[in-house]
Amino acid sequence: MNAMEGISIKNVTKTYSQRILFSKKTFNAVENVSLDITTDPPEIFSLVGESGSGKSTLANMILQLIKPDIGEILLNGKKINDFEMLEFMKKIQPIFQDPFDSFDPMKKTDLFIYETVKNFNIARNKDSINYIIDQCLQKVGLNYQMIKGRYPHEFSGGQLQRIAIARALVVKPLFLVADEPVSMLDASLRISIVNLFKQLKEKENLSVLYITHDLSTAYYISDRIGVMLRGNLVEIGNAKEILGEPLHPYTQFLMKALLEPDPDKTKISLFDNEKNEEKMTEVSEYQLKGCKYANRCPNVKKICREKNPEYYYIKNRKIKCFLYEEFK
Ligand SMILES: Nc1ncnc2c1ncn2[C@@H]1O[C@H](COP(=O)(O)OP(=O)(O)OP(=O)(O)O)[C@@H](O)[C@H]1O
Ligand SMILES: [Mg+2]
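The opening position of the sequence shown corresponds to residue 14 in the working numbering, with each subsequent residue numbered one higher.
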């Protein structure tokens, strides 16, 4: 059997404990998540969900920054921790929220990329290294002359994020993991940067895991989308279909929040059912035995509090919600 080309997340769980007031609570920041993201053909998969829903925890497991407690992650059919680290990083590259995290502030940007090319053994002689750097910068709308001799702080956030993406491209990765890559940039710049991901997918065959709170950019660039709720992936499928007609009540809530002009209003409705601190709500929802949305769901049924739903399938979509039980 041919292994899937790409990332395959298999029944992954990550457990943390947190001290809240006087007690220590254990909860699954990511709970039994399974997901395949293909690199052949490439795709842009967006992971969306409220703050604290486990998006970064999942991304950090893919990047091997943290280890799952249960389950495993494969790349092209091979367990990611069986890869030699340099080999692994040639295939998967992170793009950080703060572009300054991708650079050494004390080093000229071009020299830093030059060293990256050398350290990864991509090329040896000066001319070919410079050629690769220039090529990669051109893929993000820049060129070598524009960055030569300049330090990271001499660039705007948007320019530096482009340079960070160019730096990731020097290893010719299959896959980018971009965790909130535009949330620190001006709203006016965001779409041009996320658009780059779309171009890179089309021209360079790159797959991207794009993590965001911003459903509008997710709608614009993604092929598929996964909606995270307290460690669970609750709705997965085609991005335009899901955002055009959300079926899980939590996805519907996220869409409503997007359209709500007054952000304070959604905040209140978000924590309506609990008068406690935000953090307590978060952890107590993680610990619900049934569906993690049961306390907030307008459609809640008795069974939702008793059992965490399995997936039901509607066309190409997977939904973890008892409302769709008949589609088993
Ligand atoms: N090292 C850790 N120790 C304990 N708890 C953690 C740790 N890292 C994350 N958490 C908790 O796990 C939960 C999920 O966190 P995570 O950072 O994955 O969420 P997120 O969806 O990325 O949120 P955001 O949108 O705010 O970035 C949160 O409750 C967070 O506080
Ligand atoms: Mg995060």
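Virtual Cβ for every residue (Gly too), placed ideally from N, Cα, C. As the structure is a prediction and not an experimental result, all values here were calculated from the model.
As assigned by DSSP and simplified to three states, the class of residue i
{"i": "aspartate 123", "result": "helix"}
{"i": "valine 38", "result": "Here the sequence assigns lysine to residue 38, which means valine is not the residue at that position. Three-state result, lysine 38: strand."}
{"i": "leucine 222", "result": "strand"}
{"i": "glycine 257", "result": "helix"}
{"i": "asparagine 156", "result": "coil"}
{"i": "alanine 16", "result": "coil"}
{"i": "isoleucine 234", "result": "helix"}
{"i": "serine 47", "result": "strand"}
{"i": "isoleucine 327", "result": "strand"}
{"i": "leucine 88", "result": "strand"}
Chain B within 8 Å of residue i, Cβ atoms only
{"i": "methionine 159", "result": "Absent here is chain B; the protein component of the structure consists of one chain."}
Opening and closing residue of the beta strand (DSSP E) in which residue i lies
{"i": "leucine 5", "result": "What the structure shows of the chain is the stretch from 14 to 341, and residue 5 is not part of that stretch, so it cannot be assessed."}
{"i": "glutamine 31", "result": "19 to 33"}
{"i": "serine 59", "result": "57 to 61"}
{"i": "methionine 241", "result": "237 to 242"}
{"i": "isoleucine 93", "result": "Run containing isoleucine 93: none; DSSP gives neither H nor E here."}
{"i": "glutamine 106", "result": "105 to 108"}
{"i": "alanine 191", "result": "188 to 192"}
{"i": "isoleucine 135", "result": "It is not in any beta strand (DSSP E) - isoleucine 135 carries neither H nor E in the DSSP assignment."}
{"i": "glycine 250", "result": "245 to 251"}
Same chain, Cβ closer than 8 Å to residue i, neighbours up to 5 away in sequence not counted
{"i": "isoleucine 327", "result": "Leu260, Tyr337 and Phe340"}
Own chain, CB closer than 6 Å to residue i, minus 5 neighbours either side, in chain order
{"i": "aspartate 236", "result": "Glu56 and Ile57"}
{"i": "arginine 318", "result": "Gly303 and Ala307"}
{"i": "lysine 288", "result": "Any reading at lysine 288 must be qualified, since the residue scores a pLDDT of 42, below 50, and its modelled position is unreliable; the value itself is stated next. Same-chain partners within the cutoff: there are none."}
{"i": "asparagine 218", "result": "Pro55"}
{"i": "leucine 271", "result": "Leu228"}
{"i": "glycine 19", "result": "Ile50, Thr51 and Thr52"}
{"i": "cysteine 149", "result": "Ala179, Leu182 and Val183"}
{"i": "glycine 250", "result": "Asn329 and Arg330"}
Residue range of the unbroken alpha helix (DSSP H) whose run includes residue i
{"i": "glycine 171", "result": "170 to 182"}
{"i": "phenylalanine 210", "result": "200 to 217"}
{"i": "arginine 318", "result": "315 to 319"}
{"i": "alanine 270", "result": "262 to 272"}
Sequence-distant residues of its chain with Cβ nearer than 7 Å to residue i (five each side left out)
{"i": "glycine 170", "result": "Pro112, Met197 and Leu198"}
{"i": "glutamate 295", "result": "Gly65"}
### Query
Contact between the stretch 131 to 142 and the stretch 79 to 92: three or more CB pairs below 8 Å?
no
### Task
Spell out a yes or no on whether the stretch 116 to 132 and the stretch 197 to 206 are touching, meaning 3 or more CB-CB pairs, one atom from each, closer than 8 Å.
no
#### Entry: Shell residues, 5 Å Cβ cut-off relative to heavy atoms of ligand 1
Tyr29, Ala42, Ser64, Gly65, Ser66, Gly67, Lys68, Ser69 and Thr70
### Task
Could you say if the stretch 105 to 118 and the stretch 181 to 199 meet the contact criterion of at least three C-beta pairs nearer than 8 Å?
yes
### Task
Would you be able to state if there are at least three C-beta pairs under 8 Å between the stretch 119 to 130 and the stretch 154 to 168?
yes
### Message
Three or more C-beta pairs under 8 Å: does that hold for the stretch 33 to 50 against the stretch 243 to 250?
### Response
yes
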